[in-house]
Amino acid sequence: MKFGMNKRLAALPPYIFVHLGNLKRAAAAAGLKVIDLGQGSPDLPSPDYVIAAAQKSMTDVATHGYPIANGLPEYRKAVAAWYKRRFNADFDPETEVLPLIGSKEGLGHLLMAVLDPGDAVLVPSPCYPVHYNGVLIAGGLPKLMPLKEENGFLPDFDAIPEADLAAAKIMILNYPNNPTGATLPDLSLLKKALALAAKHGFLVVYDNAYSEIGFDGYKAPSIFEIPGAKSHAIEFHSTSKSYSMAGWRLGFAVGNAEAVKVLGKLKGFIDYGVPSFLQKAAIAALEGTDDIVRKGAKTYQERRDALVAALAEIGWKVTPPRAAMYLWTRLPREAAGMTSTEFCERLIREEGVVVVPGSGFGPAGEGFVRFSLIQPPAVLREAVARIGKHLKSLSKGEKVAR
Ligand SMILES: Cc1ncc(COP(=O)(O)O)c(C=O)c1O
């Protein structure tokens, strides 16, 4: 057979959420009532006024043809205006803003557009899977920057070998972070990244998908709050989390004009851009009230509190995150000796509770699990009650069917 996977794709493990999805369906078929705390797909509805804008624009025949590849001028303007309002950062909508079919698509395609085979990329570990797999798919060479718990899950730039800094074409950073939920204490890490980028000539790719989901008053920054950042940075953003539009697939990139142009050129050959009616809906989202975004963040905060409290009741002590939609924590002591995958597979098979093994986010994630805050508090409590029952059976050494 000549038409199997190429070597780059064959080298990748199955996508973690596909694997979990298969286990989840098997658990449901076996009669378990599944509670899914796996993928970070928001369960909240998209705002009414955004849906109304999409419906209205769909009836306009002008949205029925191919969209403009690099986006509607009014969408690019709305993105630039949102960045000005939210981060006091200025962008030329013509050259420094690009609509995306979700930030994941944009991140993957940027790597393909910039990397030649063997080019080095500094990638956090653990990380959102496309940050690592996207480099491999593009034929690049990931150089891992471990995010250690003792460093607040921030990379230690001083530990990066000089040769890797010199070779790197791109450094990827993501805060509020998936999967760890870590946030930046201030802008110093980003300033240091930009100084290294200027010295070594690489591009900082800043994934800011969770900037609007902050807890306890926390407001995440943009890398473009730092003067001069545009010379070496591009930032990726999404309507998926802030406006619960993950199913609609719409994001945007802003920043360095050359990086935006390069990404736009590749996309021009591969896709026709974001459907126009979606761009119209996104304009309504970005120009609408911030209350809806604040309400969403408050909902996730309440869920965080419910989950942390429920876990404490079963003796699993965790550090509450200040942002994003996840709780990242070490495996409980009852799971000593198990890998994160073994532990999570058991939870799905035995209890019908889906949480994600840390190793799904790279080798540095081993020993951790990630809960997504995508269910209301009562369901989170039910999930933890089932986990508590399972941990008791583990500590009694009961043999669990596998
Ligand atoms: C860090 C991070 N970046 C990007 C994305 C993808 O967002 P989008 O829906 O815009 O593709 C996700 C989705 O979970 C994410 O966690």
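Just so you know, our numbering puts 870 at position 241 of the sequence shown, and the rest follows in order with no gaps.
We treat Cβ as the ideally placed atom computed from N, Cα and C, and that holds for glycine.
Bear in mind the structure is a predicted one, so any value in this text is a computation, not a measurement.
Beta-carbon contacts of residue i that lie in its chain and below 6 Å, excluding the five residues immediately before and after
i	result
residue 813	804
residue 742	891, 892 and 895
residue 999	808, 955, 957 and 985
residue 733	759
residue 737	759 and 763
residue 871	841 and 922
residue 1031	Residue confidence is low: residue 1031 scores 39 on pLDDT, short of 50, so the model does not pin down where it sits. Its coordinate-derived value is still stated next. Correct list: empty, nothing qualifies.
residue 771	750, 752, 761 and 764
residue 801	752, 760 and 834
residue 828	none
Spatial neighbours of residue i in its chain, beta-carbon cut-off 7 Å, leaving aside the 5 residues before and after
i	result
residue 974	652
residue 640	765
residue 852	819, 833, 835, 858, 862 and 864
residue 995	968, 969, 987 and 988
residue 718	712, 851, 853 and 854
residue 727	699, 700, 881, 882, 889, 892 and 893
residue 947	937, 940, 956 and 958
residue 720	709, 712, 726 and 883
residue 821	786
residue 1014	none
Identity of the residues DSSP links to residue i by a beta bridge
i	result
residue 955	1001
residue 676	DSSP, once it has assigned bridges, lists no residue as partnering residue 676.
residue 749	770 and 797
residue 803	836
residue 754	775
residue 982	664
Near ligand 1: residue i beta-carbon under 8 Å from a heavy atom
i	result
residue 733	yes
residue 809	no
residue 669	yes
residue 884	no
residue 757	yes
residue 870	yes
residue 849	no
residue 836	yes
residue 880	yes
residue 867	yes
residue 875	yes
residue 783	no
residue 739	no
residue 762	no
residue 839	yes
residue 976	no
residue 736	yes
residue 666	no
residue 794	no
residue 956	no
Sequence-distant residues of the same chain with beta carbon closer than 8 Å to residue i, five excluded per side
i	result
residue 1024	963
residue 885	725, 832, 859, 860, 861, 862 and 863
residue 879	728, 729, 730, 731, 867, 868, 869, 903, 907, 908, 910 and 911
residue 930	844 and 845
residue 662	981
residue 933	844, 949, 950, 956 and 1002
Test: residue i CB closer than 9 Å to a CB of chain B
i	result
residue 733	Among the chains in the structure shown there is no chain B, since it carries only a single protein chain.
Within the segment 805 to 890, ranges of the alpha helix (DSSP H) (whole runs, at least 4 residues): 817 to 829 and 868 to 871
Between the segment 637 to 646 and the segment 944 to 951, do three or more beta carbon pairs fall short of 8 Å? no
Just to confirm the assignment: which complete beta strand (DSSP E) runs, minimum length 3, are found wholly within the segment 709 to 735? 726 to 729
Would you call the segment 771 to 783 and the segment 737 to 757 in contact, with 3 or more CB pairs under 8 Å? yes
Which runs of the alpha helix (DSSP H) at least 4 residues long sit entirely within the segment 639 to 705? Give them in chain order. 645 to 658 and 677 to 687
Sufficient close CB pairs (3 or more, under 8 Å) joining the segment 667 to 680 to the segment 691 to 699: no
I'd like to know if the segment 1002 to 1010 and the segment 675 to 687 are in contact, where contact means that at least 3 CB-CB pairs between them fall below 8 Å. no
If you scan the segment 881 to 946 from start to end, which runs of the beta strand (DSSP E) of 3 or more residues do you find wholly inside it? none
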